[in-house]
Amino acid sequence: MIVSKRKVKKIILLMLTAVCVYELLQIVYLLDYRDTKIDKLEIKDTGNTTKEPALYEFISEEESAYDTESTEESIKFILLTTSEADLQFPFTLFNKDNTIFVDNECDYTNCYITYNKSHLNEDDFDMVAFNSPDLQEVVVPEIRSPHQKYAFFSIESPQYHPVCNDMYDDFFNWTFTYKLNSDFRSWFFDIYDSNEIRIGPPVDVWSNFEKIDDDLKTRLESKQKIAAWFVSKCETMSAREVVARELDEELLKRYGWSIDVYGDCGKYACPRRYAQLCNVKIEDEYFFYLAFENSFAEDYVTEKILLALNNYAVPIVYGGANYSRFLPPDSYLNIRELGVAEVARLMHKAYKHREYYHNYFKWTNYLSYRHVSRKSQVCQICAVLNDKEEMQRTTTYPEFRNWWNRDGWENECSLIEGLF
Numbered sequence: 011m012i013v014s015k016r017k018v019k020k021i022i023l024l025m026l027t028a029v030c031v032y033e034l035l036q037i038v039y040l041l042d043y044r045d046t047k048i049d050k051l052e053i054k055d056t057g058n059t060t061k062e063p064a065l066y067e068f069i070s071e072e073e074s075a076y077d078t079e080s081t082e083e084s085i086k087f088i089l090l091t092t093s094e095a096d097l098q099f100p101f102t103l104f105n106k107d108n109t110i111f112v113d114n115e116c117d118y119t120n121c122y123i124t125y126n127k128s129h130l131n132e133d134d135f136d137m138v139a140f141n142s143p144d145l146q147e148v149v150v151p152e153i154r155s156p157h158q159k160y161a162f163f164s165i166e167s168p169q170y171h172p173v174c175n176d177m178y179d180d181f182f183n184w185t186f187t188y189k190l191n192s193d194f195r196s197w198f199f200d201i202y203d204s205n206e207i208r209i210g211p212p213v214d215v216w217s218n219f220e221k222i223d224d225d226l227k228t229r230l231e232s233k234q235k236i237a238a239w240f241v242s243k244c245e246t247m248s249a250r251e252v253v254a255r256e257l258d259e260e261l262l263k264r265y266g267w268s269i270d271v272y273g274d275c276g277k278y279a280c281p282r283r284y285a286q287l288c289n290v291k292i293e294d295e296y297f298f299y300l301a302f303e304n305s306f307a308e309d310y311v312t313e314k315i316l317l318a319l320n321n322y323a324v325p326i327v328y329g330g331a332n333y334s335r336f337l338p339p340d341s342y343l344n345i346r347e348l349g350v351a352e353v354a355r356l357m358h359k360a361y362k363h364r365e366y367y368h369n370y371f372k373w374t375n376y377l378s379y380r381h382v383s384r385k386s387q388v389c390q391i392c393a394v395l396n397d398k399e400e401m402q403r404t405t406t407y408p409e410f411r412n413w414w415n416r417d418g419w420e421n422e423c424s425l426i427e428g429l430f
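Using our numbering, the first residue of the sequence shown is number 11, and each one after it goes up by one.
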């Protein structure tokens, strides 16, 4: 049988077309398969009010496999309620989605954060979080479900952010603050003993400490200046700037000393980008460091105190906390208790009598003070949402305003209401 050239060309063309169609179908199949995988791992936030997993962006720890921990049923949804103003700390820490839990290698990463109220039905969120700076302006969800936990967050003192509206009494289920009796702590530092066991704060019974060793005595010998203060906020609710000025005047008048003030409120500079050099300066040169808080509040002891403790300077404290639960006895001077004149006298005594000064550091061979990691702060949020027992427990604060605000808060709230 003789086949013409025209028929041969036609057959070849048909074969090539078939191959092309086959390859095209393969590509379509692979694209469809890839999209299916992406839908499971990258769930887009469309603002829809259902819990369909294909509507949320959920980041998996294992890019190559779909972990059952990230299924629709196990996702814990967190709504951050905010005002129209810029985000306030600690909400500035929270990324949208579950990135913050993945990045900090939390035990639980199946918690999804959003600022979008229409992300779900209002009563479907597992936690609705409120930040103290926003409470005056925030819009509260209209519908609330018994399974939800309404959580109050604050890292600031109530002197700056009092809660005045009586609607917040018997409103919150959980509190995440620095207060020692919060449900969950957002604190500033930990205290460890010599066995690397975390013991506080708070510490209600302190151990007895022996005298310091000769190496530490030698390290303390280089100090020749009486006190330093690193500060950038020059006018505060606690009026710490007034007390610092009075102390400086007392030291100068009676003993010829002056406090070296660094930052925006003083004549000396040590920028934050040189923090390590600033720390060395405290350790090498200064007997005391002013750890003055910007406001008065129960348990409000911030990381300022670590600049003294971790750089072999004695902290002079000024705040509203019971410092005996945060600092060992005879390791600090409390200017609110002792008064300006007595603190100035004891400071000068420490300079004149080194053995007396050494006694402030007896604790250093037994304890260490450390910054709290971001991980330990954020991981507890997702952990508690995965704790069935905690989720089933009913807790409220019937007198939340009395719990949160400091004494005399009624007068402060009346003043605020008069201003607005």
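For each residue, glycine too, the CB sits at the ideal point set by N, CA and C.
These numbers were taken from a predicted model, which means no experiment stands behind them.
Reduced DSSP category for residue i - H, G, I as helix; E, B as strand; rest coil
| i | result |
| --- | --- |
| W267 | coil |
| N108 | coil |
| R195 | strand |
| Y366 | helix |
| R416 | coil |
| M247 | coil |
| A323 | coil |
| T91 | strand |
| R384 | helix |
| A254 | helix |
| A279 | coil |
| L377 | strand |
| F219 | coil |
| Y296 | strand |
| N131 | coil |
| N289 | helix |
| L337 | coil |
| P151 | coil |
| N344 | strand |
Identified DSSP bridge partners for residue i
| i | result |
| --- | --- |
| C432 | The requested residue 432 is not part of the displayed model; the chain covers only 11 to 430. |
| T187 | R195 |
| A161 | A139 and W184 |
| G210 | I201 |
| W239 | V271 |
| F302 | Y328 |
| Y284 | None, per the DSSP bridge assignment. |
Between the CA atoms of residue j and residue i - distance to the nearest angstrom
| i | j | result |
| --- | --- | --- |
| E152 | D180 | 16 Å |
| T109 | C389 | 12 Å |
| D397 | R403 | 10 Å |
| E206 | F298 | 27 Å |
| G273 | K86 | 43 Å |
| F163 | L230 | 41 Å |
| T246 | S84 | 45 Å |
| S70 | D258 | Because the pLDDT of S70 is 43, which lies under 50, any placement of that residue in the model is unreliable, and the number read from its coordinates should be weighed accordingly. Answer to the nearest angstrom: the Cα atoms are 56 Å apart. |
| E132 | T91 | 11 Å |
| K372 | L226 | 10 Å |
| A301 | N114 | 30 Å |
| D223 | V353 | 26 Å |
| R282 | M401 | 42 Å |
| Y122 | A393 | 13 Å |
| Y333 | E166 | 18 Å |
| L262 | K291 | 22 Å |
| R154 | F101 | 22 Å |
Residues near residue i by beta carbon distance below 6 Å, same chain, minus five either side
| i | result |
| --- | --- |
| K127 | none |
| C280 | Y272 and C288 |
| T312 | F198 |
| E376 | The amino acid at residue 376 is misidentified as Glu; the sequence shows Tyr. Closer than 6 Å at the Cβ level, and outside the excluded window around Y376, lie S204 and F219. |
| W419 | P172 |
| R208 | D200 and Y202 |
| D136 | K86, F87 and L395 |
| D417 | none |
| F240 | Y272 and G273 |
| Y178 | F410 |
Selection from the options that minimises the alpha carbon distance to residue i
| i | options | result |
| --- | --- | --- |
| T374 | R255, Y342 and V138 | Y342 |
| H368 | Y322, C121, Y170 and R283 | Y322 |
| F99 | M401, T119, P143 and Y370 | P143 |
| A238 | G266, E295 and E256 | E295 |
| R384 | C116, K106, Y310 and D96 | C116 |
| R364 | H129, T228, N304 and N412 | T228 |
| F107 | S93, L97, D96 and L89 | Sequence inspection shows Asp at residue 107; the Phe mentioned does not correspond to that position. Per the Cα distances, L89. |
| P211 | L145, M177 and D309 | D309 |
| A318 | I236, Y188 and L145 | I236 |
| W216 | V149, L97, P338 and N120 | P338 |
Cβ shell of residue i (< 7 Å), same chain only, five flanking positions each side left out
| i | result |
| --- | --- |
| N415 | P168, P172 and V173 |
| L316 | F199, Y379 and H381 |
| V213 | I201 and R335 |
| L346 | Leu is not the amino acid found at residue 346; the sequence shown has Arg there. Correct list, in chain order: Y328. |
| R44 | Note that R44 has pLDDT 35, beneath the 50 cutoff, so the model's placement of it is unreliable and no number is given. |
| I48 | In this prediction, I48 has a pLDDT of 28, which is less than 50 and means its spatial position is unreliable; nothing more can be read from the coordinates. |
| C423 | P172 and C174 |
Spatial neighbours of residue i in its chain, beta-carbon cut-off 8 Å, leaving aside the 5 residues before and after
| i | result |
| --- | --- |
| F182 | F140, Y160, A161, F162, T406, Y407 and F410 |
| L348 | L356 |
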